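Written below as structure tokens is the structure these notes are about.
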Amino acid sequence: MTTPTDDEIRTRVLDAADRLYNARGIQAVGMDALRAEAGVPLKRIYRLFPAKDAIVEAVLDRRHRLWNSLVEEAVASTPAPRDRLLAIYDMLARWFDEDDFRGCVFINTFGELGTASPRVAEIVRAHKAEFQARVARLCAEAGAPEWLAPQLAILAEGAQTTAAIAGTNAAAGHARAAAEILIGTALSEERT
77 MTTPTDDEIR
87 TRVLDAADRL
97 YNARGIQAVG
107 MDALRAEAGV
117 PLKRIYRLFP
127 AKDAIVEAVL
137 DRRHRLWNSL
147 VEEAVASTPA
157 PRDRLLAIYD
167 MLARWFDEDD
177 FRGCVFINTF
187 GELGTASPRV
197 AEIVRAHKAE
207 FQARVARLCA
217 EAGAPEWLAP
227 QLAILAEGAQ
237 TTAAIAGTNA
247 AAGHARAAAE
257 ILIGTALSEE
267 RT
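Take the sequence shown: its letters are residues 77 to 268, numbered as in my numbering.
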């Protein structure tokens, strides 16, 4: 039997941390629970991650990359610039239907640790700013005015929070309907 590599152990720890943090919250998950879930001795975990903060940051990094790939996939599969903006809300509806959906990990983490951890606050703000910049690029490609992007981003953020609380994907449909109205208004203003 071969000994798992550091990369394999790192993946197991981050998978376990992601599951536990998503289900219970970061502060509710101690290192012993993480050790048990990952099946990795604490000594090995601490060799790979010097502190729990490093695990939290690595989980957020993975979630950031996952979010970006979901947005890119949704946008790439939609040829019309206007429809690419709406594809974000369709992607949200699919995500909200997943069994393990508990809301936006960035919003949840900020709520738990944002005031106590400047590094977490920085990571969350950077993630949200990057999403807003992506929406702004999509708006520009559709020929929409600059004011539209922050409004569409806020709709997406609000849908995530509402879906987590309500336990349904209905918020994505409501956000999409509002986005269609905003986009229609913005594009008609640009033509006049």
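Ideal Cβ positions, reconstructed from N, Cα and C, are used throughout, including at glycine.
This one's a predicted model, so the numbers in the text were calculated from it and none came from an experiment.
### Query
Anyone know if the C-beta pair for residue 86 and residue 118 falls short of 7 Å?
Between residue 86 and residue 118, the C-beta gap is not smaller than 7 Å, which leaves the two residues out of contact.
### Query
Out of curiosity, what's the CA-to-CA distance linking residue 167 and residue 212?
Their backbone Cα atoms lie some 18 Å apart in a straight line.
#### Entry: Through-space distance from residue 139 to residue 110, alpha-carbon basis
Residue 110 and residue 139 have their C-alpha atoms some 18 Å from each other.
### Query
By how many angstroms is the C-alpha of residue 142 removed from the C-alpha of residue 241?
Roughly 22 Å between the two C-alpha positions.
### Task
Starting from residue 241, trace the alpha helix (DSSP H) both ways and give me its first and last residue.
Run containing residue 241: 224-242, per the alpha helix (DSSP H) assignment.
### Task
Confirm, please, whether the CB-CB distance from residue 200 to residue 177 is below 7 Å.
No, they are not a contact pair.
### First through last residue of the alpha helix (DSSP H) which encompasses residue 153
Here residue 153 belongs to no alpha helix (DSSP H), and DSSP marks it neither H nor E.
### Query
Which first and last residues belong to the alpha helix (DSSP H) in which residue 195 is found?
Annotation for residue 195: the continuous alpha helix (DSSP H) segment containing it runs 194-217.
### Query
Would you say the stretch 158-165 touches the stretch 97-112, given that touching needs at least three Cβ pairs under 8 Å?
Touching, no.
### Message
I need the DSSP call for residue 135, collapsed to helix, strand or coil.
### Response
Look at residue 135 here: in three-state DSSP terms it is helix.
### Nearest to residue 132 (by Cα), restricted to the options 218, 83, 182, 153
Cα-wise, what sits closest to residue 132 is 182.
### Task
Tell whether a beta-carbon distance below 7 Å holds between residue 114 and residue 95.
Not a contact, by the Cβ cut-off of 7 Å.
### Query
Excluding the five sequence neighbours on either side, which residues of its own chain have a C-beta within less than 8 Å of the C-beta of residue 90, listed in chain order?
Within the same chain, 131, 134, 135, 138 come within 8 Å of residue 90 by CB-CB distance, once the 5 residues on both sides are set aside.
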